[in-house]
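Asker:
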Amino acid sequence: MTSRKSVGAVALAVGTVVAGATAAPASAHTTPLFWDHIYSTGDSGTAGGKVFVKEYDDDIRVCDNEADGYGVSAAISVLPYQPLYQLHAGGNGQCSETWSAIHNLPEGTTIYVEVWLTGNSGDPYYGLKQYTYLNDH
């Protein structure tokens with residue numbers, strides 16, 4: 001688990017890069033059969049946010065799935081704590097998405113995904129969870 005300090009340093013280095021991301025309603029393609037990986041924030045109770053990953057076309061979507069006053073952010077990296085980009089969605093039912101035409105992730109590489117809530121807690125990385133997957137197709 002990463003300390004808030006190291007993640008905070010990364011966020012400062014990266015800023016809030018959302019270049020090429022698009023907003024979409026959560027209902028479009030959020031069914032488990034479409035996605036290779038689904039990752040959730042670590043807040044208590046029902047997860048307030050999720051990241052959906054489809055390895056083919058490097059389709060990555062972050063969705064805010066609770067009307068709880070928090071937004072959801074995710075950082076995508078090929079090296080730990082060195083994000084290539086971040087996505088953010090704010091507002092229940094809102095999503096932000098990117099794909100290979102915008103952010104092409106290397107094949108056969110471990111991809112690092114960090115997801116957290118942003119907003120009212122006073123903790124800029126509330127519910128932070130870290131995941132990895134092998135981008136093998």
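Take 1 as the starting number for the sequence shown in this note's numbering and just add one per residue. All residues carry an ideal CB built from backbone N, CA and C; glycine is no exception. A quick note: this is a predicted structure, and the numbers were derived from the prediction, not measured.
If you run the structure through DSSP and keep just helix, strand and coil, what is leucine 134?
Answerer: As a working mapping, residue 134 is identified with position 134 in the sequence shown. Strand at leucine 134.
Asker: Assign tyrosine 39 to one of three DSSP states: helix, strand, or coil.
Answerer: Within the sequence shown, numbered from 1, the residue matching residue 39 stands at position 39. Three-state result, tyrosine 39: strand.
Asker: Any idea if serine 100 is buried or exposed, counting beta-carbon neighbours within 10 angstroms, 16 or more meaning buried?
Answerer: As a position in the sequence shown, residue 100 is number 100, starting the count at 1. Classification of serine 100: exposed, given that the 10 Å Cβ count is below 16.
Asker: Would you mind listing the alpha helix (DSSP H) stretches within the segment 51 to 108 that are 4+ residues and don't spill past its ends, in chain order?
Answerer: Listed in chain order, nothing qualifies, since the segment 51 to 108 has no complete alpha helix (DSSP H) run of 4 or more residues.
Asker: Candidates Ile38, Tyr112, Asn135 and Lys129: which alpha carbon is nearest proline 83's?
Answerer: As a working note, residue 83 is residue 83 in the sequence shown. Considering only alpha carbons, the answer is Tyr112.
Asker: Using a Cβ distance threshold of 8 angstroms, determine whether the segment 51 to 71 contacts the segment 86 to 99, with at least three qualifying pairs required.
Answerer: Yes: the two stretches touch, three or more of their Cβ pairs being nearer than 8 angstroms.
Asker: So threonine 118 and threonine 132 are in contact, right, with Cβ under 8 angstroms, and what is the actual spacing, rounded?
Answerer: Counting from 1 along the sequence shown, the entry for residue 118 is found at position 118. Counting from 1 along the sequence shown, the entry for residue 132 is found at position 132. About 22 angstroms separates the two Cβ atoms, so there is no contact after all.
Asker: How long is the line joining the alpha carbons of tyrosine 126 and glycine 71, rounded to whole angstroms?
Answerer: The residue you call residue 126 lines up with position 126 of the sequence shown. The residue you call residue 71 lines up with position 71 of the sequence shown. Spanning the two alpha carbons is a distance of roughly 10 angstroms.
Asker: Would you kindly work out how many angstroms separate the C-alpha atoms of cysteine 63 and leucine 105, rounded to a whole number?
Answerer: By one-based count along the sequence shown, residue 63 stands at place 63. By one-based count along the sequence shown, residue 105 stands at place 105. Taking the straight line joining both Cα atoms gives about 20 angstroms.
Asker: Please classify tyrosine 56 as buried or exposed, where buried requires at least 16 neighbouring CB atoms within 10 angstroms.
Answerer: Position 56 of the sequence shown holds residue 56. Its Cβ having fewer than 16 others within 10 Å, tyrosine 56 is exposed.
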